[in-house]
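Chemist: Take a look at this one; I'll ask things after.
Right, here's the structure in full:
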């Protein structure tokens, strides 16, 4: 028996073809699989492409697949339109069952099959979930960049842009972020001191044009500059990452109950830095000795969920085997978010 | 001799036909006159429509007009493309000179012709300027909703939406803004307590859908709810308006030098409320007895600037006459920003 777990993200889609005993026999990557962010035709192409690659590696066909899970952000908003992907798959010979699951549940399941645990995803956005018996029973934040995503890559990037604008506008302290960001925008550090129109630095006009010339969430592309400046001990960058860590811990605390493992994913908490260190310390303070697991995608978790939907009990050994086999298959890494 | 002053805003355009002694002999309103926000064809139509109405009232023609000033946000970014409006006017018989000026300078000039003074515009956005001898010599903020506009209508509306999301997500205190905002979004106060998917209140989903279903700046439409809740002494709303007032004063302080009058415009500081009271108190503390002037548009100021470009010295009596005549001609008021 074969199942497919699909981790359909806004940038890349990953498909895992798995056997009933948790072997990964095929792995494929496609483009965006999220119809909300990319439109249905693009999302269908992304999913199809990942699935075809995974099947091809095993010499299998869609007709051989008993069940499929698509894990995606905003999955339950899909409700009545869940056939956006089922209909095209049926046309290509798929006869099994299809289920939709949350991307957050897939991320958690990549890192743990514990009956109670917590997940924090902090990349461009930020949210925390409590998972009990394979279902999400509490969610915090995940409210998007205008209302929440506190501590996220967008949040950090916006804080950085505001700090640079603040220095250039005379309202905030000098920060090593200013030359870094001005150079990242194609200018020079000297733009911060060159007078421009109506008493402003030319660097400020450059910053304003760059920021409003892109989609707001692309501010997340500045987050690596903040990590680099914090490593060089810039106080403003250190403050931003400290505040981000506090914000993420506060979001996690909203869903905490009894002790359980913590699974984290997303560029801000996957790397060693102030936010991850703050999360580790918080976990130890709150629940004592508990696993802290970093995952790089929800691909293994989507396969875990697909196996469960097929009636198979997935234990920790099966999860680890899936994860390891996917990690080997997934080299080189798929595309990341585009930098500012 | 006749001149035309044009206050070309993103929502409405106002044209004032003035004589050399400061009489308003024609006044017209058109749609958006800002090519950046609305595109050049729409902006040309907005300006043409306002100008044609003003000329029609006086039985005058474009050929009778010696000079024209177009005051607009981002005017100096127009640089090489300033003929976007000159060419169409030339085709219709305009033989005079055309100058572009800042909307902030026009706002200030609606309220004062003093050789040194300050202007604060705080509506959807927020900025402060110092004006010396009819030119802007310092600018603060005006950085737009992603980087600044601290204390603006957008800033207040976003704080309100974040406060409501915070209450519904369990991370912030209860606030009277929550039932107000939920009702403004077509829901009911009970949505705050009705459980929805994955442990969230249904009101939170409603808020998220509404906020991301519109342009970000439309959050400014929530500002009136904040003023209303603050009048009813809601502590969260009072805190938001207090912080807005502090932010605006801080922006103004960045351009202050010697004592001078303060001219304020825009929906947040034109009305009696915490931000305006804070500005009045700050002016008195900083510069003692100085005029605090509230203006409702840059129309009179655009006419003042057009007269100056024609070589006429505009004194306080001429400015007041222009303003009063325009106020009478401008009833009923033009359209406002659309509410959330």
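Protein chains in written order, with our numbering: chain H, 1 to 340; chain V, 1 to 340.
Glycine included, C-beta positions come from ideal geometry on N, C-alpha and C.
Find out if the Cβ-Cβ distance for the pair residue 111 (chain H), residue 65 (chain H) is shorter than 8 Å.
Modeler: no
Chemist: What are the partner residues of residue 15 (chain V), as DSSP defines its beta bridges?
Modeler: Under DSSP, the beta-bridge partners assigned to residue 15 (chain V) are V:6, V:28.
Chemist: Between which two residues does the alpha helix (DSSP H) holding residue 153 (chain V) run?
Modeler: 153-169
Chemist: Whose C-beta lies closer than 8 Å to the C-beta of residue 169 (chain V) among residues of the same chain, with five residues either side of it excluded?
Modeler: Cβ within range, chain order: 200, 204.
Chemist: I'd like to know if the segment 312-328 of chain H and the segment 269-287 of chain V are in contact, where contact means that at least 3 CB-CB pairs between them fall below 8 Å.
Modeler: no
Chemist: Does the beta carbon of residue 212 (chain V) sit closer than 8 Å to a beta carbon anywhere in chain H?
Modeler: At least one chain H Cβ lies under 8 Å of residue 212 (chain V).
Chemist: Quick one: which residues of the segment 215-242 of chain V get their C-beta closer than 8 Å to a C-beta of chain H? List them in chain order.
Modeler: Flagged, chain order: 216, 219.
Chemist: Along the chain, where does the alpha helix (DSSP H) that runs through residue 180 (chain H) open and close?
Modeler: 177-184
Chemist: Work out the CA separation of residue 309 (chain V) and residue 232 (chain H) for me, nearest whole Å.
Modeler: 53 Å
Chemist: Any idea what DSSP makes of residue 289 (chain H), helix, strand or coil?
Modeler: Residue 289 (chain H) falls in the coil class under three-state DSSP.
Chemist: Determine the burial state of residue 195 (chain H): buried for a count of at least 16 other Cβ atoms within 10 Å of its Cβ, exposed for fewer.
Modeler: exposed
Chemist: Find the residues of chain H that neighbour residue 254 (chain V), judging by a C-beta separation of less than 8 Å, and give them in chain order.
Modeler: 169, 170, 171
Chemist: Is the segment 44-54 of chain H in contact with the segment 26-35 of chain H, if contact means three or more CB pairs nearer than 8 Å?
Modeler: These segments touch.
Chemist: In the DSSP assignment, what residue or residues form a beta bridge with residue 101 (chain H)?
Modeler: Note: residue 101 (chain H) sits in a beta bridge opposite H:71.
Chemist: Please report whether the beta-carbon of residue 249 (chain V) lies at a distance below 8 Å from any beta-carbon of chain H.
Modeler: Judged by the 8 Å Cβ criterion, residue 249 (chain V) is not in contact with chain H.
Chemist: Could you tell me which residues DSSP puts in a beta bridge with residue 118 (chain H)?
Modeler: H:130, H:262
Chemist: Would you please state the rounded distance, in angstroms, between the beta carbons of residue 251 (chain V) and residue 114 (chain V)? I believe it to be under 8 Å.
Modeler: About 20 Å separates the two Cβ atoms, so there is no contact after all.
Chemist: Just the Cα atoms here: how many angstroms apart are residue 230 (chain H) and residue 129 (chain H)?
Modeler: 28 Å
Chemist: Taking DSSP's pairing of strands, which residues face residue 136 (chain V) in a bridge?
Modeler: V:131
Chemist: So, residue 62 (chain H) versus residue 26 (chain H), is the Cβ gap smaller than 8 Å?
Modeler: No, the pair does not count as a contact, with Cβ atoms beyond the cut-off.
Chemist: Applying a beta-carbon distance threshold of less than 9 Å, which residues of chain H neighbour residue 144 (chain V)?
Modeler: 208, 211, 212
Chemist: Quick check on the burial criterion: 16 or more other C-beta atoms within 10 angstroms. Buried or exposed for residue 141 (chain V)?
Modeler: Label assigned to residue 141 (chain V): buried.
Chemist: Please identify the residue among H:12, H:156, H:246 whose C-alpha is closest to the C-alpha of residue 228 (chain H).
Modeler: H:156
Chemist: Skipping 5 residues on each side, what residues in its chain have a beta carbon closer than 7 Å to that of residue 312 (chain V)?
Modeler: 20
Chemist: If residue 245 (chain H) and residue 107 (chain H) are in contact, beta carbons under 8 Å, what's the gap, nearest whole angstrom?
Modeler: Contact between residue 245 (chain H) and residue 107 (chain H) fails: their C-beta atoms lie close to 19 Å from each other, not under 8 Å.
Chemist: Distance cutoff 8 Å, beta carbons only. Does residue 79 (chain H) sit that close to anything in chain V?
Modeler: Note that residue 79 (chain H) scores a pLDDT of 47, beneath 50, so its modelled location is shaky and nothing firm can be said.
Chemist: Does DSSP put residue 78 (chain H) in a helix, a strand or coil?
Modeler: Low local confidence applies: a pLDDT of 44 at residue 78 (chain H) is under 50, so the model's placement there is unreliable, and no value is given.
Chemist: Are there 16 or more other CB atoms within 10 angstroms of the CB of residue 159 (chain H), so buried, or fewer, so exposed?
Modeler: buried
Chemist: Is residue 195 (chain V) helix, strand or coil by DSSP?
Modeler: strand
Chemist: Could you check what DSSP says for residue 113 (chain H) in three-state terms: helix, strand or coil?
Modeler: coil
Chemist: By the 7 Å beta-carbon criterion, what residues does the segment 120-150 of chain H contribute toward chain V?
Modeler: 136, 137, 138, 139, 140, 141, 143, 144, 146, 147, 148
Chemist: Residues of chain V with CB under 9 Å from residue 161 (chain H), in chain order?
Modeler: 146, 147
Chemist: For residue 132 (chain V) and residue 266 (chain V), what's the separation of their Cα atoms in angstroms?
Modeler: 22 Å
Chemist: Whole angstroms are fine: how far does the CA of residue 296 (chain V) sit from the CA of residue 219 (chain V)?
Modeler: Rounded to whole angstroms, the gap between the alpha carbons of residue 219 (chain V) and residue 296 (chain V) is 22 Å.
Chemist: Look up residue 106 (chain V) in the DSSP assignment and say whether it is helix, strand or coil.
Modeler: helix
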